[in-house]
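Going left to right, the sequence shown walks through residues 704 to 1042 as the working numbering numbers them. Working notes for the structure below.
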Amino acid sequence: MQKVIVTGGTGYIGSHTAVALQNARYQVIILDNLSNSDTDSLDGIQRITGTKPEFIKLDCTNKDDMRCAFEKHRDAVGVIHFAALKAVGESVEKPLLYYRNNLGALINVLDMMQEFKIPCLVFSSSATVYGVPEQLPVTEDTPLQPATSPYGQTKVIGENIITDTVRANPQIQATLLRYFNPIGAHPSAEIGEKPNGVPNNLMPYICQAAAGIREYLNVFGNDYDTPDGFCIRDYIDINDLANAHVAALKHMQSGKHGINVFNLGTGRGQSVMELIQAFEGATGVKVPYKLSPRRTGDVPAIYANADRAEKILKWRANVPLNETLASAWRWQQKILKLK
Ligand code: NAD
Ligand code: UFG
704 MQKVIVTGGT GYIGSHTAVA LQNARYQVII LDNLSNSDTD SLDGIQRITG TKPEFIKLDC
764 TNKDDMRCAF EKHRDAVGVI HFAALKAVGE SVEKPLLYYR NNLGALINVL DMMQEFKIPC
824 LVFSSSATVY GVPEQLPVTE DTPLQPATSP YGQTKVIGEN IITDTVRANP QIQATLLRYF
884 NPIGAHPSAE IGEKPNGVPN NLMPYICQAA AGIREYLNVF GNDYDTPDGF CIRDYIDIND
944 LANAHVAALK HMQSGKHGIN VFNLGTGRGQ SVMELIQAFE GATGVKVPYK LSPRRTGDVP
1004 AIYANADRAE KILKWRANVP LNETLASAWR WQQKILKLK
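This is how it looks when you write it as structure tokens:
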């Protein structure tokens, strides 16, 4: 079996991707410092696939620990690099923490790939690199805008660091995946998103408000220049997103492609209110909400043109929104029972 090193693999997107990789017969080695996850996800992955990935607890910013792990798995065919801090607000308050963690980890990953001649990298980038786009939907050629937070900067700078490294080292190829808004859980409810404390993101907040953990959801802004006045995003199923990583890895293994960049979204924009209504329709559960002022830094509307991923990776988002929302709710009920 071919080995893949997955940094940040106990986290939300990493754990779903570990399932997709194992289903595609890759051997998964997870490196994570558990700063925003726990090892329960490893048990969940095992219950779904029958195999528990090897887990090495380490901080990717620690080069000696990284060298030990990479030395042990120097025969890996690729690295999928998820490990990063991702709270936009926190990054504004603690920019150095974000630059040190997210960029330090990435530089170590690239160093190790050079040292041990590991040929393929998949990097978690974000739609945040498009800032406030002038045209919708955004394609990969839409000009990037200055990022609105240090977190966003780490994605823009991360993309640049990788591009320069691949240019200088043609034996390495890389795929930059620009995620839109991943939501939902594995249909089995064995793994899902576990936000720490009060959620920042809409989907976990909707679930917690529906479950009565939060009194109500604050809907940020109803006066945007959009059809219903609410912000628009492209909500993509987490399992679809996970599968795209396998497609990206296989594509790199099929030849020499240098650097590639793909939008991962559904191509459809959904307003906050549409998502609330779709959730209520899919689950039969009411979401208590209140209209609140706009949240600073929010982009009014953004959704993807994901044609390039369809053409080159033969990947597209398939899971219907109501199934995604039902899976998010099943997962929410499951974690309530575990508490
Ligand atoms: P997550 O927090 O669930 O997973 C990230 C994992 O990385 C966690 O398990 C955390 O413990 C680990 N980690 C962080 N810093 C580390 C370090 N220095 N060393 C080792 N492990 C470390 O987040 P996620 O939603 O799964 O996001 C995965 C990636 O996708 C991140 O790079 C994130 O920026 C990016 N991304 C996420 C979204 C989203 O909406 N979830 C959108 C765009 C991009
Ligand atoms: N929203 C609410 N109430 C909430 C939370 C969110 O109304 O309690 C709204 C937001 O205003 C926004 C939409 O729901 O209109 C989506 O918000 P999220 O926080 O779920 O997602 P964002 O699109 O703001 O954030 C995403 C990623 C970040 C990334 C950011 C950059 O989660 O990693 O895009 O635009 F940095």
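C-beta atoms are modelled at their ideal positions from N, C-alpha and C, and glycine is treated no differently.
**Distance between F965 and T712 (C-alpha atoms, nearest Å)** = Position check: residue 712 holds Gly in this sequence, whereas Thr was assumed. Approximately 21 Å between the Cα atoms of the pair.
If we require 4 or more residues per run, which alpha helix (DSSP H) segments fall completely within the stretch 920-985?
941-956
Note the first and the last residue of the continuous beta strand (DSSP E) segment covering E757. E757 to K760
Determine the extent of the alpha helix (DSSP H) in which L800 is found, giving its start and end residues.
P798 to Y801
Inset, instruction - Locate the alpha helix (DSSP H) running through F819, then write down its first and last residues. - result: G807 to F819
Checklist entry - Since S828 sits in a beta bridge, which residues does DSSP pair it with? => result R881
Original post:
Considering only the beta carbon of each residue, do T831 and I783 sit closer than 9 Å?
Top reply: no
Identify the residues that DSSP records as bridge partners of L734: which are they? T710 and I759
Could you give the distance in angstroms between the alpha-carbon of N872 and the alpha-carbon of E818?
-> 11 Å
Query - V1022 beta carbon less than 9 Å from that of D928 - result: no
Spatial distance of T851 from I1005 (CA atoms): 14 Å
Taking contact to mean at least 3 C-beta pairs separated by less than 8 Å, is the stretch 888-905 in contact with the stretch 950-963? no
Could you check whether the Cβ of N805 sits closer than 8 Å to any heavy atom belonging to the ligand UFG?
no
At what residues does the alpha helix (DSSP H) containing I865 begin and finish? P853 to A871
*asked:* Cutting at 6 Å between CB atoms, please list the residues of its own chain near S1030, excluding the five before and the five after it.
replied: G887, A888 and P890
Under 6 Å Cβ to Cβ from P853, same chain only, skipping five residues before and after it: list those, please. S794, P798 and Y801
Original post:
Is N963 near the ligand NAD, with its Cβ less than 8 Å from a heavy atom?
Top reply: no
- Query: Cβ-heavy atom distance between I1005 and the ligand UFG below 8 Å?
  - Reply: yes
Next on the checklist: If I measure Cβ to Cβ from L847 and keep anything under 6 Å in the same chain, skipping five residues before and after, which residues do I get?
Outcome noted: V832
- Relative to the ligand NAD, is the shortest distance from any of its heavy atoms to the C-beta of Y882 smaller than 8 Å? yes
| said: Can you find the residues in the same chain that come closer than 8 Å, C-beta to C-beta, to Q838, ignoring five residues on each side of it along the sequence? | reply: T845
Inter-residue Cα distance where the pair is L694 and N805:
There is simply no residue 694 to check, as the chain begins at 704 and stops at 1042 in what is shown.
Can you tell me whether C910 sits near the ligand UFG, meaning its C-beta is under 8 Å from at least one heavy atom of the ligand? no
Sort out for me which residues DSSP pairs Q876 with in a bridge. C823
Legend entry - S794 - DSSP class collapsed to helix/strand/coil: helix
Pull up the DSSP beta-bridge partners for S891, would you. None, per the DSSP bridge assignment.
Margin query: I believe C823 touches M955 by the beta-carbon criterion, under 8 Å. Please report the beta-carbon distance rounded to the nearest angstrom.
Written below: 4 Å
For this session: Would you check if there are 3 or more beta carbon pairs closer than 8 Å linking the stretch 906-925 to the stretch 768-786?
Result: no
*Option nearest I939 by Cα separation, candidates K1040, V835, M906 and I894*: M906
Checklist entry - Residues in its own chain within less than 7 Å of V949 by CB, not counting five upstream and five downstream? => result A723, L724 and A727
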